[in-house]
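One structure is given below, encoded as structure tokens.
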């Protein structure tokens with residue numbers, strides 16, 4: 476598994492912000508980011524919305 480795959484996997488299973496230990500993580504599909512609502516840290520960017528229209 477490549478380093479990039481490890482990063483994606485880590486974010487998917489993370490339920491707590493590594494910076495402030497807050498648990499309010501939000502997937503912002505309009506900005507393609509996963510953000511901590513408590514401190515504003517961007518945990519991941521360039522996420523893909525795999526909803527029904529993803530491959531349309």
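Numbering (the working numbering), first residue to last: 476 to 531. Even for Gly, the Cβ is constructed at its ideal location relative to N, Cα and C.
Which one of 514, 507 and 528 has the shortest CA to CA distance from residue 496?
Numbered from its first residue, the chain shown carries residue 496 at position 21. The residue with the shortest Cα to Cα distance from residue 496 is 514.
Supposed close pair residue 519, residue 508 - CB separation, criterion 8 Å
Here residue 519 corresponds to residue number 44 of the chain shown, with the count starting at 1. Here residue 508 corresponds to residue number 33 of the chain shown, with the count starting at 1. With 8 Å as the limit, residue 519 and residue 508 qualify as a contact, their Cβ atoms being about 7 Å apart.
Please list, in chain order, all residues of the same chain as residue 522 whose beta carbon is under 8 Å from its beta carbon, the five residues on each side excluded.
Within the chain shown, the letter at position 47 stands for residue 522. Result list for residue 522: 502, 504, 507, 508 and 509, in chain order.
What separation, rounded to the nearest whole angstrom, lies between the Cα atoms of residue 511 and residue 526?
The residue you call residue 511 lines up with position 36 of the chain shown. The residue you call residue 526 lines up with position 51 of the chain shown. For residue 511 and residue 526, the gap between their C-alpha atoms comes out near 22 Å.
Can you check DSSP and say which residues form a bridge with residue 525?
Numbered from 1 along the chain shown, position 50 holds the residue referred to as residue 525. Residue 525 pairs with nothing; no bridge assigned.
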